[in-house]
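Participant: Numbering (my numbering), first residue to last: 3 to 49.
#1: What residue range is occupied by the uninterrupted alpha helix (DSSP H) comprising residue 6?
#2: From this set, 6, 7, 5 and 44, which residue's C-alpha is nearest residue 27's C-alpha?
#3: With distance defined between alpha-carbon atoms, name the residue in 24, 42, 23 and 20 nearest to residue 30.
#4: If distances are taken between C-alpha atoms only, which option among 6, 5 and 22 comes closest to residue 13?
Below, the structure is given as structure tokens:
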């Protein structure tokens, strides 16, 4: 998966190369949909 606006970590690149499943979380709700400081607390918990 090569796209000029997408940067994949080495861990994700290896998983893709090995055909392993990848899960991605959509983060707009976290960053823009929750009030401060709940948005940052949730983002940290999800890491």
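Each residue gets a CB set at the ideal place from its N, CA and C atoms; glycine is no exception.
Facilitator: By the coordinates alone:
#1: Element bounds for residue 6: n/a, residue is neither H nor E.
#2: 44
#3: 42
#4: 22
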